[in-house]
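Chains as they are written, first to last, in the working numbering: chain A, 3 to 342; chain B, 3 to 342.
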DNA sequence: ACAAAAAATACAATCGATTGTATTACTAAT
DNA sequence: ATTAGTAATACAATCGATTGTATTTTTTGT
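If you want it as structure tokens, here you go:
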């Protein structure tokens, strides 16, 4: 049995009127009398009419859809961000197409093109770890599609950004370790091309300088900051000739696996080594000792990002300058760093 | 500056041929000569042509889109499920629209209708805690849209299901506690209308019966199993006249907050009270003692669900019977229950 | 009661791609 | 060289809703 959906033409025919009137009635236009409107709406319900949005979108040249690309949906920060995006978009009558780049540039490029094909009204994305340039976004720019990059941002001008003040986060985290009496603080950093990690590192450096602690290149170790990396990083820390007494780790996942390794090796946290992470993932409150970390609310960021692109969709005709919104981080002090 | 996207008509005009030939060339039809194909593709690239999928979809009556509704994107199980769905769908050339019901029936109904309006090719969903009947799915059924319910399933016939053998999960969890020597085992259960919790409870009951431990109604406590609930449930357990020595909790979130409360009250886990959770959320491996739990892989479930609906989309013309796939749970034994 | 103004509705083009049918161009066979 | 047969392309309708313009109907005022 084929399903033949009801169209406005079916409604029009069965009432002996024109389909344009039906369309206008269903869109509550004041060019249709109340009497006819009522008749039409009744008939529509009776026939189980369901508007074909494809046709409508084609004609109206809008899709009321926002495309979202994140590296990995299942990471807590990104799933909260998506949650915030979806909620805000839904309230405004927009739907959300979600894609994950899985940290691969190739996939990111292909996803961007899929979203372009689908004529999304705006794109919100967090770039993959492999992304080094932004040529693949040119098409969107040319088509004048509002675009926003959040969390992992680029300093190429021309894009909207919603990001955390990573410098400040790194600065506060390191400052806190110093205040707790740490003298030799290692820093676990992420891929060098990502600005978020560059800036957290800068914050770390400046905090050291301000306290006359010499910055040592060899105390900064880069990795992809996955769970597996945390253990390795911790091993390296224990092998250092000088005794490390503090670690500022640029994310929670690696910080936690490092802690687990250190605990196994009978290193006392925070007495021997104090640790601060980054992101305030739910696990960080549960591990013992609870991990001090930098709060970074995904849902808040998602909400703000969506509000910004919605504004830009509305003002599309007006030439708007790209905006950058920087959220202030806040340090959450827990037991993993409380020496005093 | 208005953006006027290139259409097949622009390509056709600039080459002095018909747009139908352009369309066929771009779809690699063998009704177009190789020579013309090459010419067309070159011109398309030159002009930066981007197919308008809306028009194509309207004509072809398919969207290559799967709609997904989950209660809450940011919950680990669901975000992994979405991750699995997106990956599998992407490979097959489908995109995914994600929505969250936030556990509200009203929102679920509205989302279903949005997805219908958008003519998604299939719907994959996990019902909200408030959902008691399935009338809001009738439209989809009538339109012959493949539908699949995963995790939180309904026993109403006519729908595809991908679910975990919750009975078995409950049975194994309880069995394990009994083998560890527990005699008075409490069960934290979820909302009574959700089958997943009903079945976990059944498994708990049968395991008790098989071991001649009397089932007591008052040892089963229902809640929404949120973080806040765990603490309350733990308080109740401590107030029981009989000494409880084991808890089977129907999810990890509540189990963990219960553990945290019990630890604060100096209850020894597992010596005084052994605990088993459900879902294997990442936190469960990190808390101390590590929480024993039932493995329930979201991404695996998402993948299987997507494969099933993709099959049904393909065979849409053939009348297919709804299928139910039951995944076997596996018990992960960690320290929270290891008495011997 | 009649013209003018306003309200309600109908007509027809359009969005951009697809696809069945018709036509033209070309190849091969007698 | 002529025609049958095939390959290549053109024509035109279609998907379903929207919207500017034209027409008809109703209302208003004198």
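We put the CB at the ideal spot given by N, CA and C, even for glycine.
Quantities reported herein were computed from a predicted structural model and do not represent experimental measurements.
Proximal chain B residues relative to residue i, where beta-carbon distance stays under 7 Å
i	result
residue 118/A	52
residue 75/A	81, 84, 85, 88
Reduced DSSP category for residue i - H, G, I as helix; E, B as strand; rest coil
i	result
residue 197/B	helix
residue 341/A	coil
residue 59/B	helix
residue 24/A	helix
residue 83/B	helix
residue 343/B	No information on residue 343/B is available, as it lies outside the stretch 3 to 342 that chain B covers here.
residue 4/B	Because the pLDDT of residue 4/B is 42, which lies under 50, any placement of that residue in the model is unreliable, and the number read from its coordinates should be weighed accordingly. Coil at residue 4/B, not helix or strand.
residue 180/B	helix
residue 335/B	coil
residue 351/A	There is no way to answer for residue 351/A, as the model of chain A reaches only from 3 to 342.
residue 47/A	helix
residue 97/A	strand
residue 322/A	coil
residue 13/A	helix
residue 19/A	coil
residue 42/A	helix
Contacting residues, own chain, Cβ-Cβ under 7 Å from residue i (five flanking each side not counted)
i	result
residue 267/B	240
residue 328/A	165, 167
residue 195/A	134
residue 4/A	Since pLDDT at residue 4/A reaches only 42, below the 50 mark, its modelled position is unreliable, and the value read off the structure follows with that caveat. Nothing listed; no residue qualifies.
residue 295/A	254, 278, 279, 280, 281, 282, 286, 334
residue 66/B	95, 96, 97, 123
residue 157/B	197
residue 269/A	275
residue 289/B	258, 261
residue 244/B	186
residue 15/A	none
Minimum C-alpha distance to residue i - residue among the options
i	options	result
residue 187/A	210/A, 171/A, 197/A	210/A
residue 332/B	36/B, 172/B, 116/B	172/B
residue 45/B	70/B, 306/B, 19/B	19/B
residue 320/A	328/A, 147/A, 279/A	147/A
residue 246/B	236/B, 252/B, 253/B	236/B
residue 8/B	39/B, 118/B, 48/B	48/B
residue 27/B	17/B, 78/B, 40/B, 119/B	40/B
residue 212/A	181/A, 231/A, 226/A, 225/A	181/A
residue 130/A	113/A, 92/A, 143/A, 35/A	113/A
residue 55/B	119/A, 125/A, 154/A, 69/A	119/A
residue 143/B	155/B, 35/B, 202/B, 125/B	125/B
residue 51/A	32/A, 6/A, 77/A, 72/A	6/A
Interface residues of chain A facing residue i [CB-CB closer than 8 Å]
i	result
residue 55/B	119, 120, 121
6 Å CB neighbourhood of residue i in its chain, flanking five on each side removed
i	result
residue 248/B	179, 184, 187, 276
residue 326/B	163
residue 255/B	229
residue 221/A	188
residue 177/B	209
residue 10/A	21, 24, 25
residue 205/A	169, 172, 173
residue 301/A	82, 85, 86
Per-residue contacts from residue i into chain B (C-beta, under 8 Å)
i	result
residue 101/A	88, 92, 97, 98
residue 345/A	Residue numbering for chain A in the displayed model covers 3 to 342; residue 345/A lies beyond these limits and cannot be assessed.
Under 9 Å by beta carbon: chain A residues contacting residue i
i	result
residue 60/B	54, 56, 57, 59, 60
Residues near residue i in its chain [Cβ-Cβ closer than 8 Å; skip 5 each side]
i	result
residue 90/B	304, 305, 308, 309, 312
residue 292/A	286, 336, 337, 338
residue 59/B	65, 66, 121
residue 75/B	81, 84, 100, 102
residue 318/A	146, 148
residue 160/B	143, 324
Listed by chain order, chain A residues near residue i by CB distance under 7 Å
i	result
residue 288/B	258, 285, 288, 289
Contacts of residue i in chain B (Cβ-Cβ under 9 Å)
i	result
residue 26/A	The contacting residues do not exist; residue 26/A stays about 19 Å from chain B at best.
Suppose only complete runs of 3+ residues qualify. What are the beta strand (DSSP E) ranges in the stretch 103-136 of chain A, listed by chain order?
Within the stretch 103-136 of chain A, the complete beta strand (DSSP E) runs of at least 3 residues are 124-127.
Entirely enclosed alpha helix (DSSP H) segments - the stretch 186-260 of chain B, minimum 4 residues:
197-212, 229-241
Runs of 3 residues minimum, wholly inside the stretch 267-315 of chain A: which ones carry the beta strand (DSSP E) assignment?
276-278, 295-297
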